[in-house]
Amino acid sequence: MKIALLGATGGTGGEVLTQGLAAGHSITALVRTPAKLVLKNPALTVIQGDATSPADLASAFDSAEVVISTIGNGGFFAQRHPTTFYSATTTAILQAMATAGVSRLLVVTSSGVEEDPAAPLFYRKLIRPQLAPTYADMAAAEAAVEASGGPGTGGDGGDGGGGVAWTLVRPSFLRDGPLKPYRVDDRTNPAGGWKINRSAVADFLLKEAAAGEWVFKHPAMAH
1 MKIALLGATG GTGGEVLTQG LAAGHSITAL VRTPAKLVLK NPALTVIQGD ATSPADLASA
61 FDSAEVVIST IGNGGFFAQR HPTTFYSATT TAILQAMATA GVSRLLVVTS SGVEEDPAAP
121 LFYRKLIRPQ LAPTYADMAA AEAAVEASGG PGTGGDGGDG GGGVAWTLVR PSFLRDGPLK
181 PYRVDDRTNP AGGWKINRSA VADFLLKEAA AGEWVFKHPA MAH
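Each residue of the sequence shown is one higher than the one before, counting from 1 in the UniProt record's numbering.
Shown next, in the form of structure tokens:
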């Protein structure tokens with residue numbers, strides 16, 4: 001599979017890169033600073049560019065079968081401030097996909113985008129309110145993706161209607177750790193789950209890119 005990857009220098013993107021190359025996929029990674037990518041592989045192409053530039057993105061998407069976006073806007077403290085990072089990059093991604101003729105898209109957002117009354121109390125009362133600016137921008141990004149293909153949009157995501165076949169992946173609290181069993185539910189976290197290893201998110205992204213079992217859905221992930 002030919003994958004165009006955004007966010008390869010981040011935690012989740014790095015896992016996608018490592019696992020994807022080990023599985024035999026061909027990956028083109030668009031990064032702002034190529035020196036940060038120390039991994040070398042004949043199946044890896046690194047392109048320097050800006051994820052908000054449709055032209056840079058279209059170059060990276062050329063001949064790709066699927067686009068996987070794991071880009072993020074810094075850590076906890078950065079995400080407490082108003083931002084348009086997610087919506088701006090999503091707009092550019094969709095424009096570039098149309099230019100390059102790619103129809104399959106997987107985007108990592110967060111299970112926090114949608115309020116979950118079953119989430120832990122400390123998260124609902126303390127953490128989620130602080131991250132509200134980032135979740136609002138993620139919601140705007142998701143809305144743009146949802147409008148790009150699927151029922152009611154006039155696009156069918158790849159069988160002739162010209163729409164994007166999207167999957168919006170919503171991990172719970174991300175952390176480093178080995179790949180281990182995980183659960184996936186639509187839209188909100190599996191019961192009792194509130195954390196997920198980045199390696200598990202990468203595993204799901206790669207499997208879903210091939211299987212297409214969650215097209216036009218919002219898989220939420222937790223251990």
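Yeah, the Cβ is synthetic: ideal placement off N, Cα and C, and Gly gets one too.
Asked: In the structure shown, what three-state DSSP assignment does LEU131 receive?; Found: coil
Asked: Tell me, to the nearest whole angstrom, how far the beta carbon of MET1 is from that of ALA210; I am working on the premise that it is less than 8 Å.; Found: 6 Å
Asked: Do LEU17 and ALA23 have their CB atoms nearer than 9 Å?; Found: no
Asked: State the DSSP-derived secondary structure class of PRO54, mapped to helix, strand or coil.; Found: helix
Asked: Determine contact between the segment 175-190 and the segment 106-120, defined as no fewer than three beta-carbon pairs at a distance below 8 Å.; Found: yes
Asked: For THR99 and THR153, what's the separation of their Cα atoms in angstroms?; Found: 19 Å
Asked: Would you mind sorting LEU206 into buried or exposed? The rule is 16 or more other CB atoms within 10 Å of its CB.; Found: buried
Asked: Which stretch, first to last residue, makes up the alpha helix (DSSP H) that contains THR91?; Found: 85-100
Asked: Evaluate contact between the segment 81-91 and the segment 121-130, counting only Cβ atoms and requiring at least three cross-stretch pairs below 8 Å.; Found: no
Asked: In terms of residues, what are the limits of the beta strand (DSSP E) holding LYS40?; Found: That residue, LYS40, is in no beta strand (DSSP E); it is neither H nor E in DSSP.
Asked: Classify PHE216 as helix, strand or coil using the three-state DSSP reduction.; Found: coil
Asked: Should ASP176 go down as buried or exposed, given a rule of 16 or more other Cβ atoms within 10 Å for buried?; Found: exposed
Asked: Leaving out five residues before and five after ARG183 in sequence, what residues of the same chain have Cβ atoms less than 8 Å from its Cβ?; Found: PRO190, GLY193, MET221, ALA222, HIS223
Asked: How many Å lie between GLN95 and SER59 at the Cα?; Found: 12 Å
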